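> In this note's numbering, the protein residues as written are 259 to 353.
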């Protein structure tokens, strides 16, 4: 979905089921747990929603519609994560 927002193509099929199950097992064993998983999950959903609103409503709409606490998290990623910043800029440039 994020690839489509950035102008790429959305794949019609996911990875093969067996590979998906293996990846899920690895992520369960090695991925974040407890409070760290909660932080990861919240950040992921806030960033994904920001990119969606940015794509549909533009930067001004995103700044007006997204709560201040979410914008603080987005700003942290825009300031520190080059790939997230590049993705946001690519979405902005479509408008």
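C-beta atoms are modelled at their ideal positions from N, C-alpha and C, and glycine is treated no differently.
It should be emphasised that the depicted structure is a prediction, and the values quoted were computed from it without experimental measurement.
I'd like the span of the alpha helix (DSSP H) that includes residue 301, first residue to last.
Here residue 301 corresponds to residue number 43 of the chain shown, with the count starting at 1. Where residue 301 is concerned, the enclosing alpha helix (DSSP H) stretches over 293-323.
> Taking the CB atoms as reference points, tell me whether residue 309 and residue 345 lie closer together than 8 Å.
Stepping through the chain shown from its first residue, residue 309 is reached at position 51. Stepping through the chain shown from its first residue, residue 345 is reached at position 87. Contact: yes.
> Buried or exposed for residue 293, please, with buried defined as at least 16 other CB atoms from any protein chain shown within 10 angstroms of its CB.
Within the chain shown, residue 293 is the residue found at index 35, counting from 1. Its Cβ having fewer than 16 others within 10 Å, residue 293 is exposed.
> What span of residues does the alpha helix (DSSP H) with residue 272 cover, start to end?
The residue you call residue 272 lines up with position 14 of the chain shown. Residue 272 -> no alpha helix (DSSP H), and no H or E assigned at all.
> Would you identify the three-state DSSP class for residue 289, choosing helix, strand or coil?
In the chain shown, residue 289 corresponds to position 31, counting from 1. It is coil, neither helix nor strand.
> State the CB to CB distance for the pair residue 312 and residue 335, rounded to an integer number of angstroms; the pair is presumed to be in contact (CB under 8 Å).
Residue numbering aside, residue 312 sits at position 54 when the chain shown is read from its first letter. Residue numbering aside, residue 335 sits at position 77 when the chain shown is read from its first letter. Contact doesn't hold; Cβ gap of about 13 Å is too wide.
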